[in-house]
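Visitor: In the working numbering, the protein residues as written are 65 to 408.
Even glycine gets a Cβ: it sits at the ideal position worked out from N, Cα and C.
Here it is, the structure, as structure tokens.
Here's what the structure looks like:
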């Protein structure tokens, strides 16, 4: 029995900017990718919120969600996620209430508690010089949910009556426990916290309390997956992601390099080892190589859904990777879309 053929398959997009593109091109390519994966039968298309990173153009998820929802008809479009400490909960409720009113039944609100950026940029977003803390996240989340439920003193028009499914995102056990206690669906960032995936999902399921949103736990994992026609081609395509990770560790920012630029980079022995270890953590290869690794990941985690992200510079390679993955999952067109039992 294939778990990959049974679970909904989705995309987390970063609107990547490469050394040979710009932000305008990146955003156009995100639209083309969304339309492509919709035809292939993917379920969700989410944007991550990042700031002050010249290789990522997804700094405004709400605007991008509106753009992609207008350009598609069946995809669920959402945030993966909105970093709540960066925004007044009232504004988030107004934005996503508006999106839900415009696109009923198609919007997801994924919420995270990290800043999604460096401390200096976080201060600029929050307009404060005071100490930055995520300790008041439960209060912010309660306030946000209250605007949708009509329990806050202020009205977040048009949030009340237009509440999208709210997901909690996490890379550790903290958000897993909060999601469980509130009875919300949970999305785990396996792509950068693989060692914590199984323990966090266990915590989520152990702490889960049924709610108006869910009567049982519902978990999605996000993994880095790159598929190409051959293992060698997949490793070539993955090269820019490895170099981007190395540069991030060295506190160097810039657009994502092309595969040739990544191959030509003068790595030291230690740098090459760092990149190799990083890529080995990811699921990269031909369909025959990728399929058993994905099946094992889904079996080990018991995930209800799989979301895929990839740091791939070339647009054609990215489109091809999602196409090959859809074929592995038995979804060749939109008529084969997987239906979920709960509206999440």
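What is the DSSP secondary structure of residue 262, counted as helix, strand or coil?
Guide: Looking at residue 262 - three-state DSSP - the assignment turns out to be helix.
Visitor: Nearest-angstrom Cα distance between residue 136 and residue 99?
Guide: Distance between the alpha carbons of residue 136 and residue 99: 6 Å.
Visitor: In angstroms with no decimal places, state the Cα-to-Cα distance between residue 201 and residue 149.
Guide: Going from the Cα of residue 201 to the Cα of residue 149 covers about 7 Å.
Visitor: Under DSSP, the beta strand (DSSP E) around residue 142 begins and ends at which residues?
Guide: Counting along the chain, the beta strand (DSSP E) containing residue 142 begins and ends at 140-147.
Visitor: Cβ atoms of residue 338 and residue 310: under 8 Å apart, would you say?
Guide: In contact: residue 310 and residue 338 (Cβ atoms closer than 8 Å).
Visitor: Tell me the residue span of the alpha helix (DSSP H) that contains residue 156.
Guide: From DSSP, the alpha helix (DSSP H) with residue 156 extends over 153-166.
Visitor: To the nearest whole angstrom, what separates the beta carbons of residue 207 and residue 153, a pair I think is in contact under 8 Å?
Guide: Residue 207 to residue 153, Cβ: 4 Å. Contact.
Visitor: For residue 204, would you say it is in contact with chain D, using Cβ-to-Cβ distances shorter than 8 Å as the test?
Guide: Going by chain labels, chain D is absent from the structure shown, which holds only one protein chain.
Visitor: Residue 161 and residue 226 look like a contact to me (Cβ under 8 Å); what is the Cβ gap, rounded to whole Å?
Guide: Contact flag correct, Cβ pair sits at about 4 Å.
Visitor: Taking the beta carbon of residue 381 as the centre, do at least 16 other beta carbons fall within 10 Å, making it buried, or is it exposed?
Guide: That one is buried.
Visitor: Just checking, does the segment 321-333 make contact with the segment 277-294 on the three C-beta pairs under 8 Å criterion?
Guide: Verdict: no, contact absent.
Visitor: Across which residues does DSSP place residue 283 in a beta bridge pair?
Guide: According to DSSP, which records beta bridges pairwise, residue 283 is partnered with 250.
Visitor: Does the beta-carbon distance from residue 390 to residue 104 come in below 8 Å?
Guide: For residue 390 and residue 104, yes; Cβs fall inside 8 Å.
Visitor: Buried or exposed: where does residue 392 fall if 16 or more other Cβ atoms within 10 Å of its Cβ makes it buried?
Guide: So residue 392 ends up on the buried side.
Visitor: Tell me which same chain residues have a C-beta within less than 6 Å of the C-beta of residue 394, skipping the five on either side of it?
Guide: Hits under 6 Å: 69.
Visitor: Over what stretch of residues does the alpha helix (DSSP H) that includes residue 296 continue unbroken?
Guide: Taken as a continuous stretch (DSSP letters only), the alpha helix (DSSP H) holding residue 296 covers 295-313.
Visitor: Excluding sequence positions up to five away, which residues of its chain have a Cβ less than 7 Å from the Cβ of residue 210?
Guide: Counting only Cβ-Cβ distances below 7 Å, and skipping sequence neighbours, we find 216.
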